[in-house]
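**Student:** Take 1009 as the starting number for the sequence shown in the numbering used here and just add one per residue.
Backbone N, C-alpha and C fix where the C-beta goes; we use that ideal spot for every residue, glycine too.
Small disclaimer: the values here were computed from a predicted structure and weren't measured.
A single structure is presented below for examination.
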Amino acid sequence: MPNAMIVYNPISGRFQKEKLVDRVGKRLNELGWEAEVFASKNPQHITSLAEKASEEEYTAFFVAGGDGSIGLAAKGLIHSKTALGVLPAGTSNVWSREFDLAGLTWQHLNALEIAAEKQISGHVQAVDVGMLNGQAFMLWAGVGLDAEVVRQMESNRDDVRQFSILKYAQTVLKNIQSWEGIDLEIKIDDQKIEGRYIFAVVSNIRKYAGGLSEISPAACLDDGLMDLWLFDGNSPADSFRSLVLLLSNRHKNSKNVKRLPFSSLDIVSDSPLYF
């Protein structure tokens, strides 16, 4: 009998998820699976539970939460036989949207059950996972303006959960008025690059900025490569230009933006780097 561990992050997103996740467990039982449900105590607990599922060779490890919870689960499942299942219940569900899995809304309170059913009826696919200073990521990572915006948003989690898009826009507009870029030294595979950039983004998937932009339309999850996007600039005007290019999906043809596929990357700066 296939078995699954289901873990939910009780503080991600806008919903009280305990009952909704219990319904997923019961639905999997009805479909011939043995399912156990756990609430995570902290971010590290998600990773430790994923490691436990991997060691005990569970068929699947489902995480109910947002993109942050997915990354924490992935870290504990790398190179294992246990498949990662996603129940989109966070503030941001960009990874799930890549696979057309609808997120939890007040109009669709059965979204988690539907997502689980779709995944157990599909096939298991290996995907690329990035490692950034020991932290696993499956979507993207970056430094510069966007990373600074996210750092500031993280300082007030309650506001972010309730007003994510509005808060993101407000924080971007506040920072863009004074952002002049950062100097970066980059070693990418066998190349060395130096320059001043508004931001630099490593992407493993197509969507970015909460799904508002399609940064890497040709992204492939299992090709052994990720894309480094470099947005040149050294002034608030350049920051605004970069934002417009990104959100209008015109960055791909801009002379001020570079795309560099890679398998290994080092970034060094004299400025503090948040990611």
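1) Cβ of W1187 less than 8 angstroms from any chain B Cβ?
2) Measure the CB-CB distance between M1009 and E1044 and report whether it falls below 8 angstroms.
3) Could you tell me how far apart the beta carbons of A1134 and D1230 are, in whole angstroms, since I believe they sit closer than 8 angstroms?
4) Between the Cα of T1090 and those of V1071, W1148, A1047, L1140, spot the shortest distance and give me the residue it belongs to.
5) Provide the residue(s) that pair with H1116 in DSSP beta bridges, ordered along the chain.
6) Taking the alpha carbon of A1110 as the reference point, which residue from G1098, G1138, L1273, A1123 has its own alpha carbon closest?
7) Nearest to L1273 by alpha carbon, out of H1259, V1210, I1223?
8) Taking C-alpha atoms, which residue in S1247, K1034, N1017, I1086 lies nearest to N1183?
9) Can you tell me whether DSSP reads D1154 as helix, strand or coil?
10) Would DSSP call Y1066 helix, strand or coil?
11) Between the C-alpha atoms of F1145 and D1030, what's the straight-line distance to the nearest angstrom?
12) In the DSSP assignment, find the unbroken alpha helix (DSSP H) run with P1244 in it and report its ends.
13) Evaluate contact between the stretch 1152-1160 and the stretch 1197-1209, counting only Cβ atoms and requiring at least three cross-stretch pairs below 8 angstroms.
14) In angstroms, rounded to a whole number, what distance separates the CA positions of L1057 and R1249?
15) Out of W1114, L1220, L1120, S1224, which one is the CA nearest neighbour of I1213?
16) Assign P1280 to one of two classes, buried (16 or more other C-beta atoms within 10 Å of its C-beta) or exposed (fewer than that).
17) I'd like the list of long-range same chain contacts for V1157, defined as Cβ closer than 8 angstroms, with 5 residues on each side in sequence excluded.
18) Count Cβ pairs between the stretch 1059-1066 and the stretch 1093-1110 that sit closer than 8 angstroms; are there 3 or more?
19) Using three-state DSSP, classify N1050 as helix, strand or coil.
**Tutor:** Reading off the structure:
1) Chain labels in this structure do not include chain B; a single protein chain is all it has.
2) Within the sequence shown, residue 1009 is the residue found at index 1, counting from 1. Within the sequence shown, residue 1044 is the residue found at index 36, counting from 1. No.
3) Here residue 1134 is taken as the residue at index 126 of the sequence shown, counted from 1. Here residue 1230 is taken as the residue at index 222 of the sequence shown, counted from 1. A1134 to D1230, Cβ: 6 angstroms. Contact.
4) Residue 1090 sits at position 82 when you count from the first residue of the sequence shown. Closest option to T1090, Cα to Cα, is V1071.
5) Counting from one through the sequence shown, the residue named residue 1116 turns up at place 108. Per DSSP, T1113.
6) Counting from one through the sequence shown, the residue named residue 1110 turns up at place 102. Per the Cα distances, A1123.
7) Indexing the sequence shown from 1 puts residue 1273 at position 265. When only C-alpha atoms are compared, the closest one is V1210.
8) In the sequence shown, the residue the question calls residue 1183 occupies position 175. When each option's Cα is compared against that of N1183, the closest is S1247.
9) For the purposes of this step, residue 1154 is taken as residue 146 along the sequence shown, with counting starting at 1. Helix.
10) Residue numbering aside, residue 1066 sits at position 58 when the sequence shown is read from its first letter. Three-state result, Y1066: coil.
11) Locating residue 1145 in the sequence shown gives position 137, where the first residue counts as 1. Locating residue 1030 in the sequence shown gives position 22, where the first residue counts as 1. For F1145 and D1030, the distance between alpha carbons rounds to 27 angstroms.
12) Position 236 of the sequence shown, counting from 1, holds the residue named residue 1244. It spans 1244-1255 - the alpha helix (DSSP H) in which P1244 sits, taken as one unbroken run.
13) yes
14) Counted from its first residue, the sequence shown places residue 1057 at position 49. Counted from its first residue, the sequence shown places residue 1249 at position 241. Going from the Cα of L1057 to the Cα of R1249 covers about 43 angstroms.
15) To locate residue 1213, count along the sequence shown from 1; it is residue 205. Cα-wise, what sits closest to I1213 is S1224.
16) Here the question's residue 1280 lines up with position 272 in the sequence shown. That one is exposed.
17) For the purposes of this step, residue 1157 is taken as the residue at position 149 of the sequence shown. Cβ within range, chain order: Y1176, T1179, V1180, N1183.
18) no
19) Mapped onto the sequence shown, residue 1050 falls at position 42. The answer is coil: DSSP assigns N1050 none of H, G, I, E or B.
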